[in-house]
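Trainee: Got a structure for you, written out below as C-alpha cells; questions coming shortly.
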Amino acid sequence: MRALNLPDWIQFNEIGGIPSNNYVIERPRERWIIDPSIVPPPTPATVARSAEPQLRIIATHAHYDHLLALKKILSANPNSRFLIHCEDQPALNDPTTNVARLFGLEAVFPAPDFLLEDNDLIRLDEDLVLQVWRTPGHTPGSSCFLLSRHSGSRRSSDSETASGNCFREETLGSELGLRILRPGKYIDLADGAICLFTGDTLFCGGIGRTDLPGGSPRMMRDSLYLLHRRLTEMPPDLPVLSGHGPGFPAGDMA
103 MRALNLPDWI QFNEIGGIPS NNYVIERPRE RWIIDPSIVP PPTPATVARS AEPQLRIIAT
163 HAHYDHLLAL KKILSANPNS RFLIHCEDQP ALNDPTTNVA RLFGLEAVFP APDFLLEDND
223 LIRLDEDLVL QVWRTPGHTP GSSCFLLSRH SGSRRSSDSE TASGNCFREE TLGSELGLRI
283 LRPGKYIDLA DGAICLFTGD TLFCGGIGRT DLPGGSPRMM RDSLYLLHRR LTEMPPDLPV
343 LSGHGPGFPA GDMA
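Numbering (this note's numbering), first residue to last: 103 to 356.
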C-alpha cells in the first residue's frame, strides 16, 4: 500500500486469489472489521487490552469477494455483530446479486444484526465514530465509512443538510452491545477525520463497476459528485482506503 498517514491501530490486509482489501480498527474493547474478505490476523502486541475484545463486522457492500470469511468469523465468534446498509440486505440471500455466481458459486450469507442508514454514526468508543456515507452505484447500498474523532455536537454542512450547530442523537443497537447514533442529517466531521473507507465505490485511479446486478451509472455519478464535494472539505492528506488496490490521499481527488 502507498505510504499513508495511518495510526498503528488500523490494520490493512489483502486477500490473494480474489484480491480484496480488509481493514481492522483495533480499539481497547472492540475489534472492528471493515469487509470480512479474510479472517484477520491476531491483534498486534502494540494494542493494549485487559480483556478479549468484542468483534464487530461492517461490510461496505454485499458482494461475495468482500464477504468471503463472514460465515467463518461469525461461527468462531458467536457474540460478534454484523452490520451492513439496509439497501444491500436483499443481496445477501441472492447469489446473482451478491455476484457469487460470477465466480461459479451459489453462496448466501448470514442475516445482519443491524441495518445501517445514510449518515448513521457508529460509535467505536467515547471519542471515535464511523460515519456512514451511502454511495450507491456499484450496489444500491454501497457505503463509504469516515473514521473520525467525534465526542458531541458539531456543525452541519452540505446543501442537503439542515442548518444549525447541534443534532439529536438517537442511540440505537444498545440491545446488541452497539451504539449507533442516527442524527437524521449529514454532520460535518472533517475536523477530526482520520481516514475514509470507500469499498468498491472509489479506487486509486478508478471507480467501481456499474454493470453488475444492482449497479447504476446514474447513481454512481451522483455518488462521485458527493464524494468529490466532501473530500475537498477534508485534509488533503486524509487516507482514502478502497476495497481493491492501494490507498491514496484525499487531495488526489480534488
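Every residue, glycine too, gets a C-beta built ideally from N, C-alpha and C.
1. Compute the beta-carbon to beta-carbon distance between GLY243 and ILE186, rounded to the nearest angstrom, for a pair I have assumed lies under 8 Å.
2. Once you ignore the five residues that flank ARG129 on each side, which residues in its own chain have a CB closer than 8 Å to its CB?
3. Just the Cα atoms here: how many angstroms apart are LEU249 and THR312?
4. Quick one: residues in its chain with C-beta nearer than 7 Å to the C-beta of LEU314, no 5 flanking neighbours on either side, listed in chain order?
5. With a cut-off of 8 Å, do at least 3 Cβ pairs link the region 290 to 301 to the region 330 to 343?
6. Where does ALA193 fall in DSSP's three states?
7. When you compare only the Cα positions, how much space is there between PHE216 and ASP196?
8. My output table needs one value for CYS306: the three-state DSSP class, helix, strand or coil.
9. With 16 as the cutoff for other CB atoms within 10 Å, does PRO351 come out buried or exposed?
10. To the nearest whole angstrom, what separates the beta carbons of GLY279 and ARG183, a pair I think is in contact under 8 Å?
11. In chain order, which continuous runs of the beta strand (DSSP E) of length 3 or greater are located wholly inside the region 211 to 260?
12. Which of the three DSSP states, helix, strand or coil, is assigned to GLU116?
13. Measuring only the C-alpha atoms, how far is GLU277 from ASP167?
14. Is it right to say LEU207 is buried, meaning 16 or more other beta carbons lie within 10 angstroms of its own, or is it exposed?
15. How big is the Cα-Cα spacing for GLY316 and SER253?
16. For LEU298, which of helix, strand or coil comes out of DSSP?
17. Go to TYR125, then tell me how far its beta strand (DSSP E) extends in each direction, as first and last residue.
18. At 4 residues or longer, and completely inside the region 137 to 190: list those alpha helix (DSSP H) runs for me, N to C.
19. What residues match up with PHE350 in a beta bridge as DSSP calls it?
20. Along the alpha helix (DSSP H) that carries SER325, what are the first and last residues, could you check?
21. How would you call TYR125, buried or exposed, if buried means at least 16 neighbouring beta carbons within 10 angstroms?
22. Could you tell me whether any non-hydrogen atom of the ligand GDP is closer than 7 Å to the CB of ALA161?
23. I need the straight-line Cα distance from LEU274 to VAL234, nearest angstrom please.
24. Taking DSSP as the reference, what is the three-state secondary structure of GLU208?
25. What residue from ALA161, ASP222, THR145 has the CA that sits closest to GLY286's CA?
Mentor: Once the coordinates are examined:
1. 7 Å
2. TRP111, PRO155, LEU226, ASP227, LEU230
3. 26 Å
4. VAL201
5. yes
6. helix
7. 19 Å
8. coil
9. buried
10. 7 Å
11. 216 to 218, 223 to 227, 230 to 236, 245 to 251
12. strand
13. 30 Å
14. exposed
15. 36 Å
16. strand
17. 123 to 128
18. 172 to 178
19. VAL342
20. 319 to 333
21. buried
22. Questions concerning the ligand GDP fall outside what the structure shown contains, since it holds no ligand whatsoever.
23. 14 Å
24. coil
25. ASP222
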